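Down below is the structure, laid out as structure tokens.
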Amino acid sequence: MRRVFPLIALLLIAYSFPAECREILRLATTTSTVESGLLDILTRQFEKERGIAVQVIAVGSGKALKLGEGGDVDILLVHSPAEEEAFVAAGHGIERRPVMHNDMVIVGPAADPVKVRGSSDAATALKKIAGSAAPFISRGDDSGTHKSELGLWQAAGIVPDPKKFRYIEAGQGMSAVLRMADELKGYTLTDRATYEKLRPTLALRILVEGDPHLFNRYSVIMVNPKKHPKVRYAAARAFTAWLTGPAGRRLIGNFAIGGKQVFFPDGGK
Numbered sequence: 095m096r097r098v099f100p101l102i103a104l105l106l107i108a109y110s111f112p113a114e115c116r117e118i119l120r121l122a123t124t125t126s127t128v129e130s131g132l133l134d135i136l137t138r139q140f141e142k143e144r145g146i147a148v149q150v151i152a153v154g155s156g157k158a159l160k161l162g163e164g165g166d167v168d169i170l171l172v173h174s175p176a177e178e179e180a181f182v183a184a185g186h187g188i189e190r191r192p193v194m195h196n197d198m199v200i201v202g203p204a205a206d207p208v209k210v211r212g213s214s215d216a217a218t219a220l221k222k223i224a225g226s227a228a229p230f231i232s233r234g235d236d237s238g239t240h241k242s243e244l245g246l247w248q249a250a251g252i253v254p255d256p257k258k259f260r261y262i263e264a265g266q267g268m269s270a271v272l273r274m275a276d277e278l279k280g281y282t283l284t285d286r287a288t289y290e291k292l293r294p295t296l297a298l299r300i301l302v303e304g305d306p307h308l309f310n311r312y313s314v315i316m317v318n319p320k321k322h323p324k325v326r327y328a329a330a331r332a333f334t335a336w337l338t339g340p341a342g343r344r345l346i347g348n349f350a351i352g353g354k355q356v357f358f359p360d361g362g363k
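Just so we're aligned, residue 95 is where the sequence shown starts under my numbering, counting upward by one.
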């Protein structure tokens, strides 16, 4: 029973499963795939074609991997490469495969008081933000985006500390952090897809992009059935094959927000 309550507390994307669905696949994934609207398109088409309903638990990549470690889900769709490799090396997951990629960007107020607009060096931009009076809002939630942000701070030679500059750890998903940054006229690191989804409602603008360190790859990993015999391995394998196959690649490549492609398929590579 102790595992049930934390699962209920997570952001569970629930809806009525099609009557023809024979079983339910539990998928833990990063919030960006859900908040962008892409995952709903993918899972509904998979359900229609294969008759397997997908129950989505949207959390940061770190929490998704923890759920996989505990056998509380059957499959993961995450974007935290170092942690994914450790997860598989420890025997928790199998058959890690690339699904798609996009990029991250640093956004901030249109006035850009720190003057980082047009830079393609994310670490240098963060160093300038840390030396200013402007706030930086962090996910602070062990997500893939948060891990990427911490890596950029490390590259900048800075330990983010709320006592040294206006560093705010929100402990929330990307949409909430973007709205907070907008209200505070601050800066933040975001995946491009979630930003584009919310852009019409925000005054924030993309200021830093194009740094190779902002590359953002999503992978699918099945939870190891040898460690957790109760996981739905056959359903997870079917979803992996479909997601990385022609049908999944086509839907990912055709998905756009405001006429802009925001994810690029990598399945089969």
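For each residue, glycine too, the CB sits at the ideal point set by N, CA and C.
This structure is a prediction, so every number in the text was calculated from the model and none was measured.
(message) Using the Cβ count rule (16 or more neighbours within 10 Å means buried), how would you classify Gly251?
(response) exposed
(request) Under the assumption that Met194 contacts Tyr312 (Cβ atoms under 8 Å), give the Cβ distance between them as a whole number of angstroms. (result) 5 Å
(request) Figure out for me which residue from Val201, Asp236, Ala224 has the closest Cα to the Cα of Lys160. (result) Asp236
(request) Let me know if Ile102 comes out buried or exposed under the rule of 16 or more other beta-carbons within 10 Å of its beta-carbon. (result) The predicted position of Ile102 is uncertain, since its pLDDT is 36 and thus under 50; a value taken from the coordinates is nonetheless stated next. Only exposed fits Ile102, as fewer than 16 other CB atoms lie within 10 angstroms of its CB.
(request) Could you tell me whether any non-hydrogen atom of the ligand SAH is closer than 7 Å to the CB of Leu296? (result) Here there are no bound small molecules, and the ligand SAH is not part of this structure.
(request) Kindly indicate which residue of Gly162, Lys241, Leu278 has the alpha-carbon position closest to the one of Ala228. (result) Leu278
(request) Grab the span of the beta strand (DSSP E) containing Ile252 for me, first residue to last. (result) No beta strand (DSSP E) holds Ile252; DSSP gives it neither H nor E.
(message) With H, G and I counted as helix, E and B as strand and the rest as coil, what does DSSP make of Leu296?
(response) coil
(request) Starting from Asp197, trace the beta strand (DSSP E) both ways and give me its first and last residue. (result) 187-203
(request) For the alpha helix (DSSP H) holding Ala60, just list the boundary residues, first then last. (result) Any question about residue 60 goes unanswered here, given that the chain covers just 95 to 363.
(request) Tell me whether Gln355 sits in a helix, a strand or coil according to DSSP, three-state version. (result) strand
(request) Can you tell me which of Leu308, Asn318, Lys291, Phe309 puts its alpha carbon nearest to the alpha carbon of Phe349? (result) Lys291
(request) Thinking Leu136 and Leu345 are a contact (beta carbons under 8 Å), I'd like their distance in whole angstroms, please. (result) 6 Å
(message) Could you check whether Glu178 and Ile315 sit closer than 8 Å to each other, using their CB atoms as the reference points?
(response) Cβ atoms of Ile315 and Glu178: closer than 8 Å.
(message) Under DSSP, the beta strand (DSSP E) around Ala149 begins and ends at which residues?
(response) According to the sequence displayed, residue 149 carries Gln and not Ala. Gln149 -> beta strand (DSSP E) spans 146-152.
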